[in-house]
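K.L.:
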Amino acid sequence: ISAQNHAHQRPTLAEVEKFIETNIATPEHAAKFGRLVIQDAGGRMKPINTFSSELLRKVSKSDHYKGFSADQVFLSMSQTPNAWFEVPLVYLKRGNDSLRSVLGLEKDAKFAPFISFFDAKGNYKLGPFLDEAYKAAIPNQFQKDFIEVDKKVVLLNSALSGSILKIFPVPNDENNKWISYLELEQYEDTELKNLKNILPAYMQILAEASQKQDYKMANDILDGIDKFQHKYGSEVRPADSKIDAEIKYNKYDIFKRLFYLYMLAGVMMLVFTIIQIFKPSKFIHYAVNAFHIVIGIFFVLHTIGLIARWYISGHAPWSDAYESMIYVAWATMFFGLAFDRKSKLTVASAAFVTSMILMIAHWNWMDPSIANLQPVLNSYWLMIHVAVIVASYGPFTLGMILGIVALLLILLTNEKNKEKMKLNIQEITYINEMALTIGLVMLTIGNFLGGQWANESWGRYWGWDPKETWALISIMVYAFVIHARFVPALRGTWVFNLMSIFAFYSIMMTYFGVNFYLTGLHSYASGDKVVTPSFVYISVAAVTVLGILSYFQYKKFYKK
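Each residue of the sequence shown is one higher than the one before, counting from 1209 in this note's numbering.
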């Protein structure tokens, strides 16, 4: 790096990109390279394609670079890492001029090259700032940006250094350890000694193959490594069918795509459904039904995506924060479609809120990577308890969005549309009550099942753990909402729908808050001090304002 930093020795970006383009492997050969299996830091066995896909997405926020696939990019990094030192690849968030100043970049720079993170002596420029950032109990935004970029640089460094390429299983190792080319020198095993020069030879042959467009020898070397993996790593190496499935899963990135698809279809169906209330016509009717069918197709794709993730990972796809979010999104859409004959507004609203859940699932603080199952979750109860209790969040989420839609319809009521609005509001409120009842039953059953798991794991059925306690609080909150109609002062569609919205905050606390604010056996993220996001306060204020404004309309047109 020190030598590279001398300006007169550094090539221009155009020269670097031309060099990379000239020497990069074909998509077909890169895809063959992407099928090789590596062992990641967590011990998970996965195809190189998974790492290369994650690398580009996390570092540059893109699936490709200059039209080259993720496998082509990572193979090129392994072949000519020095060239990639110069490529602006690390994505920088907008607004942090201090970070760009530290790196010596222009204020409008969107990407930073790897080399810009080091000075002429090879010192890491972010080092002094990271010491303070990681020690901070509650990092400020400036420090969060530095930490986020540091993680990208570390990930990129693992690719450029070759340390991530743990493609060689250690013969007869009791822990099924796999190592990279850099670690081969440490082993005296004859089989590993024979591999000492295989990767340098492969890279040299690959350079010639790129010029001649003849990849026969390069393909033969990859076949040889693949046979070595089958011979000495068969106990932990995924089956070829799983590798194929994971590569397809990486390619289509279905859950990220579904966010946009659900959003578009949900909003369009919602608009046409509302128009149908005021101006019904055959065209509007057909349009609503068409979007209804489209949303159903998206739900099928959503289901296939969950099944694929289950098959690839080997465990139920609700074992971490990201997986539970996409599962809650699935449950929300499932119950939305379950009431499709009763109300088109319900389907449209469910599609919209499902897209929002998927959007949150792909925020930076959630990692969509497939990981090995945590030991504490390695139980058949994951299939039973977690499936039931997390699925209950679906109907609760549906009830929340239906409550908002009902209050909006009340707000839009006037003398002309009063009767139509009343019919739709009653319809939505009826479905809302059904959804909350189903959610309450599932949450109660899930809590009892959790007690059985707790007895097996910790030797007691109930210990007032924060997660357990807040699940019980949520049960009591929703039980009150459902039975509030027996209190004369709390009868009516307005108060029920408003309560169904505010009750959802208990679920938010049970699902998110316990993990960050409280310490307990379920709080796997405890110790991370966080500040309550501003959107929580904004949402409370918005619901309060909506409730007040809709109350006056409700009092005027509906209250007897």
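Glycine included, C-beta positions come from ideal geometry on N, C-alpha and C. In this text, all values refer to a predicted model and were calculated from it rather than measured experimentally.
(1) Measuring only the C-alpha atoms, how far is Leu1651 from Arg1308?
(2) Asn1572: buried (16+ other C-beta within 10 angstroms of its C-beta) or exposed?
(3) What residue ranges within the segment 1305-1359 form continuous alpha helix (DSSP H) runs of no fewer than 4 residues, ordered along the chain?
(4) Leaving out the 5 sequence neighbours to the left and right, which residues in its chain are closer than 7 Å to Gly1659 when beta-carbon positions are compared?
(5) Could you round the C-beta distance between Leu1338 and Phe1354 to whole angstroms and report it? I think they count as a contact, below 8 Å.
(6) Val1751 to Tyr1713, Cα distance in whole Å?
(7) Does the pairing of the segment 1583-1602 with the segment 1279-1292 give three or more beta-carbon distances under 8 Å?
(8) Should Ser1151 and Asn1640 be called a contact, given that it needs their Cβ atoms to be closer than 8 Å?
(9) Just to confirm before moving on: does the CB-CB distance between Ile1232 and Phe1276 stay below 8 Å?
(10) Between which two residues does the alpha helix (DSSP H) carrying Leu1757 extend?
(11) Near Tyr1273, what residues of its chain come up, given a Cβ to Cβ distance below 6 Å and the 5 sequence neighbours on each side ignored?
(12) Measuring only the C-alpha atoms, how far is Ala1524 from Ser1270?
(13) What's the C-alpha gap between Gly1735 and Asp1431?
(14) Find the nearest neighbour of Ser1665 within the set Val1722, His1493, Trp1589, judged by alpha-carbon distance.
(15) What span of residues does the beta strand (DSSP E) with Lys1254 cover, start to end?
(16) Which of helix, strand or coil does DSSP assign to Tyr1273?
(17) Quick one: grab the DSSP three-state call for Phe1547.
(18) Three-state secondary structure (DSSP) at Leu1590?
(19) One question on the structure: do Gln1437 and Val1245 come within less than 8 Å of each other, judged by their Cβ atoms?
(20) Do Ile1636 and Thr1540 come within 8 Å of each other at the CB atom, strictly closer than that value?
(21) Can you check the segment 1482-1568 for any alpha helix (DSSP H) of at least 4 residues that lies completely inside it and give the ranges in chain order?
(22) Hey, how far is the Cα of Ile1372 from the Cα of Arg1243?
(23) Could you check which residue in Arg1218, Trp1702, Pro1296, Ser1557 has the C-alpha nearest to that of Gln1634?
(24) Thinking C-beta only, is Ile1683 closer than 8 Å to Asn1655?
(25) Do the CB positions of Asp1248 and Lys1254 come within less than 8 Å of each other?
(26) Among the candidates Glu1676, Val1361, Arg1699, Gly1667, whose CA atom is the shortest distance from the CA of Ile1653?
(27) Since Gln1437 is in the alpha helix (DSSP H), which residue starts that stretch and which ends it?
(28) Which residues does DSSP pair with Ile1646 in a beta bridge?
(29) Assuming Pro1296 is part of the beta strand (DSSP E), what are its boundary residues?
(30) Kindly list the residues whose CB is nearer than 7 Å to the CB of Glu1443, restricted to its own chain and excluding five residues on each side of it in sequence; keep chain order.
(31) Phe1325 and Val1361 - do their beta-carbons sit closer together than 8 Å?
(32) Quick one: what's got a C-beta closer than 8 Å to Glu1340's C-beta in the same chain, skipping five residues either side?
(33) Measure from the alpha carbon of Asn1625 to the alpha carbon of each residue in Ile1485, Ile1715, Tyr1468, Lys1226, then state which is nearest.
(34) What residue from Trp1678, Thr1621, Ala1687 has the CA that sits closest to Leu1648's CA?
(35) Does the distance from the C-beta atom of Tyr1423 to that of His1237 stay below 8 Å?
(36) Is the distance from the Cβ of Leu1407 to the Cβ of Leu1400 below 8 Å?
P.N.:
Based on what the coordinates show:
(1) Cα to Cα, the separation comes out at about 48 Å.
(2) Under a 10 Å Cβ-count criterion, Asn1572 is classified as exposed, with fewer than 16 other Cβ atoms of the shown protein chains found around its own Cβ.
(3) Those alpha helix (DSSP H) runs which fall completely within the segment 1305-1359 and span 4+ residues are 1305-1311, 1335-1343.
(4) Result list for Gly1659: Tyr1669, Trp1670, in chain order.
(5) Correct: roughly 6 Å between the Cβ atoms.
(6) Separation of Val1751 and Tyr1713 (C-alpha to C-alpha, rounded to the nearest whole angstrom) is 11 Å.
(7) These segments do not touch.
(8) The structure shown does not extend to residue 1151, since the chain is modelled only from 1209 to 1768, so the question has no answer here.
(9) With contacts defined by Cβ atoms closer than 8 Å, Ile1232 and Phe1276 form a contacting pair.
(10) Unbroken alpha helix (DSSP H) run through Leu1757: 1742-1765.
(11) Taken in chain order, the residues that qualify are Val1281.
(12) Between Ala1524 and Ser1270, the C-alpha separation is close to 28 Å.
(13) Because the pLDDT at Gly1735 is just 40, under 50, the model does not fix this residue reliably, and the point stays unresolved.
(14) The shortest C-alpha separation from Ser1665 is found at Trp1589.
(15) 1253-1255 is the span of the beta strand (DSSP E), which, as asked, contains Lys1254.
(16) The three-state reading of DSSP puts Tyr1273 in strand, counting E and B together.
(17) DSSP places Phe1547 in the coil class of the three-state scheme, outside both helix and strand.
(18) Correct three-state label for Leu1590: helix.
(19) Yes, the Cβ-Cβ distance between Gln1437 and Val1245 is below 8 Å.
(20) Not a contact, by the Cβ cut-off of 8 Å.
(21) Qualifying alpha helix (DSSP H) stretches, in chain order: 1490-1521, 1529-1546.
(22) If you take the alpha carbons of Ile1372 and Arg1243, they lie about 15 Å apart.
(23) Taking only the C-alpha atoms, the option nearest Gln1634 is Trp1702.
(24) Against a cut-off of 8 Å, the Cβ pair of Ile1683 and Asn1655 comes out as a contact.
(25) The Cβ atoms of Asp1248 and Lys1254 lie closer than 8 Å to each other.
(26) Looking from the CA of Ile1653, the closest CA among Glu1676, Val1361, Arg1699, Gly1667 belongs to Glu1676.
(27) Run containing Gln1437: 1424-1440, per the alpha helix (DSSP H) assignment.
(28) As far as DSSP is concerned, Ile1646 takes part in no beta bridge.
(29) For Pro1296, the enclosing beta strand (DSSP E) begins and ends at 1296-1299.
(30) Taken in chain order, the residues that qualify are Asn1384.
(31) Going by C-beta atoms, Val1361 is nearer than 8 Å to Phe1325.
(32) Excluding positions up to five away in sequence, the list reads Gln1351.
(33) Out of Ile1485, Ile1715, Tyr1468, Lys1226, Ile1485 has the C-alpha closest to the C-alpha of Asn1625.
(34) Closest option to Leu1648, Cα to Cα, is Ala1687.
(35) Yes, Cβ-Cβ distance for Tyr1423 and His1237 is below 8 Å.
(36) Taking C-beta atoms as the reference points, Leu1407 and Leu1400 fail to come closer than 8 Å.
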